[in-house]
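When the sequence shown is numbered by the numbering used here, its final residue is 312 and no position is left out of the sequence of numbers. Note that CB positions come from ideal geometry on N, CA and C, so glycine has one too. Quantities reported herein were computed from a predicted structural model and do not represent experimental measurements.
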Amino acid sequence: MFISFEGIDGSGKSTQARRLAAALAETGAETLLTREPGGSEGAEEIRRLLVEGRGERWSPETELLLFTAARRDHVERLIRPALARGAHVVTDRFADSTRVYQGLARADLRTLVEELHRLTIGIEPDLTLLIDIDPATALARGQARGGVEDRFETLGLDFQRRLRAGFLALAAENPARFRTIDGSGSADEVAARVLAALP
Ligand code: ADP
Ligand code: TYD
Numbered sequence: 114m115f116i117s118f119e120g121i122d123g124s125g126k127s128t129q130a131r132r133l134a135a136a137l138a139e140t141g142a143e144t145l146l147t148r149e150p151g152g153s154e155g156a157e158e159i160r161r162l163l164v165e166g167r168g169e170r171w172s173p174e175t176e177l178l179l180f181t182a183a184r185r186d187h188v189e190r191l192i193r194p195a196l197a198r199g200a201h202v203v204t205d206r207f208a209d210s211t212r213v214y215q216g217l218a219r220a221d222l223r224t225l226v227e228e229l230h231r232l233t234i235g236i237e238p239d240l241t242l243l244i245d246i247d248p249a250t251a252l253a254r255g256q257a258r259g260g261v262e263d264r265f266e267t268l269g270l271d272f273q274r275r276l277r278a279g280f281l282a283l284a285a286e287n288p289a290r291f292r293t294i295d296g297s298g299s300a301d302e303v304a305a306r307v308l309a310a311l312p
């Protein structure tokens with residue numbers, strides 16, 4: 114299975130991706146936990162160009178190309194080989210993040226995003242778990258964490274509200290692939306909802 118976690122910044126995706134990967138690994142199946150942007154050596158280098166520095170460092174179009182280049186490397190080097198061996202791959206973000214962040218929230222590049230995906234990536238997860246949460250709660254969690262990767266979080270609450278609406282719209286458009294998980298409450302409570310949503 115190829116499973117992606119999606120959601121706004123600070124929604125608790127990384128926590129839940131880690132927990133699900135641990136639960137799958139306990140069944141004895143080979144399981145890879147990975148993330149985007151990043152996940153392979155080259156993609157992690159591109160990640161640093163994207164997440165550090167000023168919010169207006171890249172134009173929306175350049176940003177889209179960098180995220181897509183990182184994803185191509187991640188898919189080539191890590192995801193496809195792992196799926197070909199029969200491993201489970203759990204990724205913290207995948208192409209839906211690009212659809213929402215670059216396609217809708219940063220600029221209206223939805224058509225370009227879909228075309229680039231079709232031409233250069235071409236795969237979708239079997240299952241996408243959208244961790245849905247109130248943006249104010251998520252922003253508070255993200256700010257409490259601190260660190261240098263603040264380029265996106267500094268875009269603020271209104272931006273996070275647009276992202277949330279974008280993710281919910283994508284889930285509604287793709288009901289066969291998406292499961293929307295209530296991200297409120299403790300990490301244990303959310304993890305139980307994630308397990309209950311698995312096919
Ligand atoms: P994301 O990957 O979506 O940004 P994280 O999993 O990194 O989210 O969570 C953001 C912060 O909130 C982290 O400090 C994490 O420990 C904390 N956190 C995660 N899940 C919960 C939860 N259910 N309740 C409270 N805090 C949480
Ligand atoms: P991530 O490390 O998942 O951040 P967080 O833990 O705060 O959710 O991702 C870094 C940022 O990159 C995040 O704000 C989302 C953004 N992003 C895009 O804008 N487009 C993309 O395609 C991806 C994968 C991430």
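CA-to-CA, the gap between Phe291 and Ala309 works out to about 14 Å. Ser153 carries a coil assignment under DSSP once its states are collapsed to helix, strand and coil. Relative to the ligand ADP, Thr241 has its C-beta separated by 8 Å or more from all heavy atoms.
At a Cβ-Cβ threshold of 9 Å, Leu178 and Pro150 do not count as neighbours.
Counting only runs of 3+ residues, the beta strand (DSSP E) found wholly inside the stretch 130–182 occupies 144–148, in chain order. Judged by the Cβ position, Glu176 fails to qualify as a neighbour of the ligand ADP at the 8 Å threshold, every heavy atom of the ligand being at least this far.
Look at Arg290 here: in three-state DSSP terms it is coil, with no helix or strand label. Contact holds between the stretch 187–196 and the stretch 146–160, because three or more Cβ pairs, one in each stretch, are under 8 Å apart. In this structure, Gln129 is the residue among Ala197, Asn287, Glu227, Gln129 with its C-alpha nearest to the C-alpha of Gly298. DSSP places Leu191 within a helical segment (H, G or I) once states are collapsed to three. According to the DSSP assignment, Ser210 belongs to the alpha helix (DSSP H) that extends over 208–213. Glu119 is a Cβ neighbour of Thr241, given a cutoff of 9 Å. For the ligand TYD, no non-hydrogen atom lies closer than 8 Å to the CB of Pro248.
Look at the beta carbons and you see the stretch 270–279 not touching the stretch 201–208: under three pairs across the two are nearer than 8 Å.
Annotation for Leu225: the continuous alpha helix (DSSP H) segment containing it runs 223–233.
Nearest neighbour of Thr140 by Cα position, chosen from Ala300, Gly235, Ala200, Leu268, turns out to be Ala200.
Ala305 counts as exposed, since fewer than 16 other beta carbons sit within 10 angstroms of its beta carbon. Short of 6 Å from the beta carbon of Ser117, and not among the five residues preceding or following it, lie these beta carbons of its own chain, in chain order: Thr204, Phe207, Pro238, Thr241.
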